[in-house]
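Residue numbers (this note's numbering), protein chains in the order written: chain A, 447 to 754; chain B, 182 to 745.
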Amino acid sequence: MQSAPRARRQPAWHMLASEFSEATLNEKGSGEYDPSFVITKLGAKVNRVIVAGLLERLEVRETSNGSTLYQGQMRDPSGLHYFSVGDYASESMRELTLSLVEKTETGEPVLLLMTAKSRWYQTDEGAVYTSLRPEEACEIDAKTYALWLTRASQGTLERMKIHSDSLGAEPTQEGLKASGVPEHMVDGLLLARNHYGEIDTESYTLNVMQALDIAEGRMEAASQPAPAPQAQLDVDSSPGDSSDDDVKDTLVAIISQMDQGDGVDFETVLTNAGARGVDRQVAEAKLDELSNEGTLHEPRFGWFRIVE
Amino acid sequence: MSDKYETHVNAILAECPDADAKEVAEAFAKYETEFYIPPQDAMRSILRRFKGEQAVPTNRGSSQAGSSTPRNTKKVTKLSELNGNDKDIEIEVEIISHNMREQTIRGEQKQIAFGLLEDNPWEEKGDKTRWEYKDWGPSPNLAPGSIVRIEGASVNEYQGRMSLNINQSTRIAIVREGTRPVVAPGEPQDINTLPADGYVCVVGRVLAARPDQIHKKDGSGSLDIVRGRIADESGTIGFLSWEPFDHAVGSLLKIDGAQVRTFRDTPELNFGRTTKVEIFHDKNFADAEALSQQTVLTISQFRDGARDVDAVVQITEWTKRSFTRDGEERFLWSGQIADPSGRCRMSAWSELPITEDQLPLTVRLKGVRVRAWQGIPDVTVDTMDQVEILDSTPWDETLDLTNHTTEVDLTELATGASRVGVSTCAIVVSVREDSGFIQRCTECRRVLREGVCAEHGPNDGNSDVRLRLVMDDGKSSVSLLTNKAATLELLGMSEAEMKSAVDADGQMAFVQHLRGRMLGRMVQASGRTIVDEQGAMMLADQASILDEDAGLRATELRAHWGVA
Chain A
447 MQSAPRARRQ PAWHMLASEF SEATLNEKGS GEYDPSFVIT KLGAKVNRVI
497 VAGLLERLEV RETSNGSTLY QGQMRDPSGL HYFSVGDYAS ESMRELTLSL
547 VEKTETGEPV LLLMTAKSRW YQTDEGAVYT SLRPEEACEI DAKTYALWLT
597 RASQGTLERM KIHSDSLGAE PTQEGLKASG VPEHMVDGLL LARNHYGEID
647 TESYTLNVMQ ALDIAEGRME AASQPAPAPQ AQLDVDSSPG DSSDDDVKDT
697 LVAIISQMDQ GDGVDFETVL TNAGARGVDR QVAEAKLDEL SNEGTLHEPR
747 FGWFRIVE
Chain B
182 MSDKYETHVN AILAECPDAD AKEVAEAFAK YETEFYIPPQ DAMRSILRRF
232 KGEQAVPTNR GSSQAGSSTP RNTKKVTKLS ELNGNDKDIE IEVEIISHNM
282 REQTIRGEQK QIAFGLLEDN PWEEKGDKTR WEYKDWGPSP NLAPGSIVRI
332 EGASVNEYQG RMSLNINQST RIAIVREGTR PVVAPGEPQD INTLPADGYV
382 CVVGRVLAAR PDQIHKKDGS GSLDIVRGRI ADESGTIGFL SWEPFDHAVG
432 SLLKIDGAQV RTFRDTPELN FGRTTKVEIF HDKNFADAEA LSQQTVLTIS
482 QFRDGARDVD AVVQITEWTK RSFTRDGEER FLWSGQIADP SGRCRMSAWS
532 ELPITEDQLP LTVRLKGVRV RAWQGIPDVT VDTMDQVEIL DSTPWDETLD
582 LTNHTTEVDL TELATGASRV GVSTCAIVVS VREDSGFIQR CTECRRVLRE
632 GVCAEHGPND GNSDVRLRLV MDDGKSSVSL LTNKAATLEL LGMSEAEMKS
682 AVDADGQMAF VQHLRGRMLG RMVQASGRTI VDEQGAMMLA DQASILDEDA
732 GLRATELRAH WGVA
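Structure (structure tokens):
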């Protein structure tokens, strides 16, 4: 017998950062209190995730209305999560955040595991960025981190399989169900297929292999050499759209202009980028990409220079 | 907080200059955070509260809320605020059922819609009142499951029953779209897909039918009715006919315009004056014997309010109890029953030929009723002939069911009925801040909030220990409450050690410590579940965090998925 669907608690997806951060599709139900979702390329319809990684940065920002907002980033083998903790967060989450800020200030490494709500925002150019709002978090040891890596890998593998199995099916609810797609993936896969079209899942396979290497304790296999600084500039390393490249160009221009010899600090870069109409979080993400690509380097933490 | 609600607070202050701005802002915050009511929707309730007991002039409502309509609309949040002669009202309601009917009005065939609506649609646990409505429009915006704002409807009072009349000039704004399917009348539905409320059409075979009587509560007499059960290949459902019903067991019927009403957790078909019952011909339709197999249930399938239930179970405990009613000593027999799917209680109003030394004893139950108390099914046996003692059990005889727990997938628990004697595994995704020591009301064991029981007021309380977790398998989640013994065992702490840990570092640090140990980890828990419209909850008397080897898991994953 069917009864009225109530606002049930949304399940948490074990997910690697790459899958979440590459998502550019979202859904907000028509009702005022409907949950909102980020839909990933593999068809996960995500309202809540359980994620883990190294706390890479956690800083306080004073917002214009006087409330306090902490912004952080957490890295797992596949990429970065951006998250924020504000006055809306629970007392325990805010207390933890304060203690973590202290730890990051002293440079103490912290492995973090969190359950978090998915957030997304869209820039004026139409680019979509995802971020997280942690609900609960805790410091974990490497053993627990390894366990999480196996679960996130398993989730990714399962979604990749369901995704590829569904490709031959008719793109309707009934078609997907008939081809054996589990109930909780049907909606997300339909939306994902319409939005992303054909996708390449090779990078997810690589992410999973690396995560499993770490879980098995095979750290050398999971390690990669630092990118050779000169090897590839951003010639065609970024298949992103032109607005993404515009942001990068803006950032590079700012840094080259303002560098007095020992680089430009993070805050200055972002303030100037902001003045040129670049969204702060977008700028942070792009700054990170530029560093990873080898266009920029950090001679010391938080100071950026262009690789000559 | 004060900034966020500034405009709303000022609007309230304009009406109630003596109110304290901070308190008003807190009220808005309370509505938003505890009840998810946004400030614009909370305005009216908060205004009423700060105006004290004096009635709010209702016609000022719409201008107060910033609307420019000069209409004399009575805007209410509850149906109970309406009077029988209110003509132009505005309210937000959820549409519970929606049915179309052809009616001849002034010689003209016209479609009208009717059904049930319910007030207070946003509050999950709040008091809700249901009224019938008639839509003369009929508006395409009404659909079952949707929440709508009805502007300009009128109240109809007939023989003390209140209903809403919606006409063509009434505005219906969809606030939240409905999600339940709308089925065209006259289109038969499978019995197992029937909605919990509303008018339906089914084709089914009569499995049982017997005359019964309903005694009116006011003592003004009794009504003759017929109770029974019909089935199709998808399932069975009980029925209650308010009209004469003389179809024999085995008849195949098409029943159009029957109303589903859900009593306790069990839906039932009601046949009334407008229900069309006719003989249906289909040679391929399953016969009564095949269909009646479906009434044989396992304990895991027992639902509160179910009737005509057949089952094979093992009685594991059986005792006679006496009580006094009207000065006369009476007896009741009760005990525990079990099958491989779970356990529950059974009660009998007449003596069964069972002695304690025969236990455990396997019996076949026929046509029994199921009630539930706090989610645990309790089978009621009214007469001796409903129980047949069997010589053998259909399952492995060596299975000891007295403390048997059945391993059940989390999603199955979350979407099924309440069960006893179950065990499950899932990931801990939340450790609530109120895990640890709690105070329970000395009267009712409810958890005290700041020393106050919701029912019995302030009281000293008895100290207890529990954890409040959420477990999740990626598809569903279930609240997990562990009792004192299970909590202490899981944490490997004595109560005194726990007390000193909380006293030394404080509750938040203690909760944070628990999260460090449990978040993201696999928990195995056993106990019983309560599943209702608020979601699923497991009350566990045993729980442990599984010790898993990440390296092994990773290697297994590689092998299983072929990831080199």
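Note that beta-carbon positions come from the ideal geometry of N, C-alpha and C, so glycine has one too.
message = I want to verify the contact list: residues of chain B whose CB lies under 7 Å from the CB of A/H527, in sequence order.
response = Here residue 527 of chain A refers to the residue found at position 81 when the first sequence is read from its first residue. Near A/H527 there are no residues of chain B at all, since even the closest Cβ is about 15 Å away, more than 7 Å.
inquiry  = Taking CB distances under 8 Å as the criterion, tell me whether A/Q517 reaches chain B.
reply    = Within the first sequence, numbered from 1, the residue matching residue 517 of chain A stands at position 71. A/Q517 does not count as touching chain B.
query = With a cut-off of 8 Å, does the C-beta of A/Q656 fall near any C-beta of chain B?
reply = In the first sequence, counting from the first residue as 1, residue 656 of chain A sits at position 210. Chain B, which has no Cβ nearer than 8 Å to the Cβ of A/Q656, makes this no.
Residue-chain proximity (A/A731, chain B), Cβ-Cβ < 8 Å = Position 285 of the first sequence, counted from the first residue, corresponds to residue 731 of chain A. Not one chain B Cβ lies under 8 Å of A/A731.
ask   = Looking at the structure shown, is B/D520 part of a helix, part of a strand, or coil, going by DSSP?
value = Numbered from 1 along the second sequence, position 339 holds the residue referred to as residue 520 of chain B. It is a strand residue.
ask   = With DSSP run on the structure shown, which of helix, strand or coil describes A/R494?
value = Counting from 1 along the first sequence, the entry for residue 494 of chain A is found at position 48. The answer is strand: DSSP assigns A/R494 an E or B state.
query = Quick one, are the C-beta atoms of B/V651 and B/S604 less than 8 Å apart?
reply = In the second sequence, residue 651 of chain B corresponds to position 470, counting from 1. In the second sequence, residue 604 of chain B corresponds to position 423, counting from 1. Their beta carbons are not under 8 Å apart, which means B/V651 does not touch B/S604 by this criterion.
request  = Flag A/E537 as yes if its beta-carbon sits less than 8 Å from any beta-carbon of chain B, otherwise no.
outcome  = By one-based count along the first sequence, residue 537 of chain A stands at place 91. With 8 Å as the cut-off, A/E537 counts as an interface residue toward chain B.
ask   = With 8 Å set as the bound, which would you pick, yes or no: does the beta-carbon of B/G732 sit closer than that to a beta-carbon of chain A?
value = Start at 1 with the first residue of the second sequence, and residue 732 of chain B comes out as number 551. So yes, B/G732 belongs to the interface.
query = What is the residue span of the alpha helix (DSSP H) that A/N738 lies within?
reply = The sequence position of residue 738 of chain A within the first sequence is 292, counting from 1. 726-739 is the span of the alpha helix (DSSP H), which, as asked, contains A/N738.
ask   = Out of curiosity, what's the CA-to-CA distance linking B/S675 and B/A682?
value = If you number the second sequence from 1, residue 675 of chain B lands on position 494. If you number the second sequence from 1, residue 682 of chain B lands on position 501. The straight-line gap from Cα to Cα measures roughly 11 Å.
Short CB-CB distance (under 8 Å) between B/S244 and chain A = Translated into the one-based positions of the second sequence, residue 244 of chain B becomes position 63. Residue confidence for B/S244 is low, a pLDDT of 35 falling below 50, so the modelled location carries little weight and cannot support an answer.
inquiry  = Could you compute how far the alpha carbon of B/S401 sits from the alpha carbon of B/E313?
reply    = By 1-based counting over the second sequence, the position of residue 401 of chain B is 220. By 1-based counting over the second sequence, the position of residue 313 of chain B is 132. Computed Cα separation, rounded: 25 Å.
inquiry  = What are the residues in the segment 481-496 of chain A lying within 7 Å of chain B by C-beta distance?
reply    = I496
ask   = Which of helix, strand or coil does DSSP assign to A/H641?
value = Stepping through the first sequence from its first residue, residue 641 of chain A is reached at position 195. Helix.
query = Is it the case that the Cβ atoms of B/G419 and B/Q440 are separated by a distance below 8 Å?
reply = What you label residue 419 of chain B is simply residue 238 of the second sequence in a count that begins at 1. What you label residue 440 of chain B is simply residue 259 of the second sequence in a count that begins at 1. Contact flag unset, no.
request  = Note down, in chain order, each residue of its chain lying with its Cβ closer than 8 Å to the Cβ of B/V490, except the 5 sequence neighbours on either side.
outcome  = Translated into the one-based positions of the second sequence, residue 490 of chain B becomes position 309. T476, L478, F483, L546, G548, V549, R550, V551, V560, listed in sequence order.
query = Cα separation between A/D692 and A/L652?
reply = Taking the first residue of the first sequence as 1, we reach residue 692 of chain A at position 246. Taking the first residue of the first sequence as 1, we reach residue 652 of chain A at position 206. Their backbone Cα atoms lie some 29 Å apart in a straight line.
ask   = What distance in whole Å lies between the Cβ atoms of B/T583 and B/T497, which are believed to be in contact at a cut-off of 8 Å?
value = On the second sequence, residue 497 of chain B is found 316 positions in, with the first residue counted as 1. On the second sequence, residue 583 of chain B is found 402 positions in, with the first residue counted as 1. Confirmed, about 5 Å.
Positions along the segment 618-634 of chain A whose CB lies within less than 9 Å of some CB in chain B = P628, E629, H630
query = Taking C-alpha atoms, which residue in B/N643, B/H637, B/I436, B/E614 lies nearest to B/R649?
reply = Translated into the one-based positions of the second sequence, residue 649 of chain B becomes position 468. Looking at B/N643, B/H637, B/I436, B/E614, the one whose alpha-carbon comes closest to that of B/R649 is B/E614.
key: Residues near B/V601 in its chain [Cβ-Cβ closer than 6 Å; skip 5 each side]   = In the second sequence, the residue the question calls residue 601 of chain B occupies position 420. Apart from the 5 residues on each side of it in sequence, B/V601 sits with its Cβ closer than 6 Å to the Cβ of G523, R524, C525, I557, R709 in its chain, given in chain order.
request  = Using only alpha-carbon positions, find the residue among A/A498, A/A624, A/A592 that is nearest to B/A735.
outcome  = The residue given as residue 735 of chain B occupies position 554 in the second sequence. It is A/A592 whose Cα lies nearest to the Cα of B/A735.
task = Taking A/A562 and A/F529 to be in contact with their CB atoms under 8 Å, please state how far apart those CB atoms are, rounded to whole angstroms.
result = Here residue 562 of chain A corresponds to residue number 116 of the first sequence, with the count starting at 1. Here residue 529 of chain A corresponds to residue number 83 of the first sequence, with the count starting at 1. A/A562 to A/F529, Cβ: 6 Å. Contact.
ask   = Hey, B/A170 and B/W514: beta-carbon distance below 8 Å or not?
value = Outside the displayed span of chain B (182 to 745) sits residue 170 of chain B, for which this structure offers no information.
ask   = So what does DSSP say about A/F712, is it helix, strand or coil?
value = Here residue 712 of chain A corresponds to residue number 266 of the first sequence, with the count starting at 1. Here A/F712 sits in helix by DSSP.
query = Expressed to the nearest angstrom, what Euclidean distance is found between the alpha-carbon atoms of A/L500 and A/S536?
reply = Here residue 500 of chain A corresponds to residue number 54 of the first sequence, with the count starting at 1. Here residue 536 of chain A corresponds to residue number 90 of the first sequence, with the count starting at 1. Each residue's Cα considered, the two are about 22 Å apart.
inquiry  = Please identify the residue among B/A487, B/L533, B/A469 whose C-alpha is closest to the C-alpha of B/W499.
reply    = As a working note, residue 499 of chain B is residue 318 in the second sequence. When each option's Cα is compared against that of B/W499, the closest is B/L533.
key: Beta-carbon gap between A/V654 and A/T602 smaller than 8 Å   = Stepping through the first sequence from its first residue, residue 654 of chain A is reached at position 208. Stepping through the first sequence from its first residue, residue 602 of chain A is reached at position 156. Taking 8 Å as the Cβ cut-off, A/V654 and A/T602 qualify as a contacting pair.
task = Would you identify the three-state DSSP class for A/H609, choosing helix, strand or coil?
result = Your numbering for residue 609 of chain A matches position 163 in the first sequence. Note: A/H609 maps to helix in three-state DSSP.
task = Find the nearest neighbour of A/R454 within the set B/G697, B/H694, B/S657, judged by alpha-carbon distance.
result = By 1-based counting over the first sequence, the position of residue 454 of chain A is 8. The residue with the shortest Cα to Cα distance from A/R454 is B/S657.
inquiry  = Report the start-end ranges of each beta strand (DSSP E) in the segment 443-488 of chain B that is 3 residues or longer and not cut off at the edges.
reply    = 447-452, 457-460
inquiry  = Can you check which of these residues, A/E604, A/L559, A/R579, A/E571, is closest to A/I586 by C-alpha distance?
reply    = Here residue 586 of chain A refers to the residue found at position 140 when the first sequence is read from its first residue. Of the listed residues, the one whose Cα sits closest to A/I586 is A/L559.
In DSSP terms, what B/G416 is bridged to = As a working note, residue 416 of chain B is residue 235 in the second sequence. B/G416 pairs with B/D413.
ask   = chain A partners of B/S473, CB-CB under 7 Å?
value = Along the second sequence, read from residue 1 onward, the residue named residue 473 of chain B stands at position 292. Result: empty, since nearest Cβ-Cβ is about 19 Å, beyond 7 Å.
When B/V704, B/Q539, B/E299 are compared against B/L345, the one with the closest alpha-carbon = Sequence index remark: in the second sequence, residue 345 of chain B carries index 164 (1-based). It is B/E299 whose Cα lies nearest to the Cα of B/L345.
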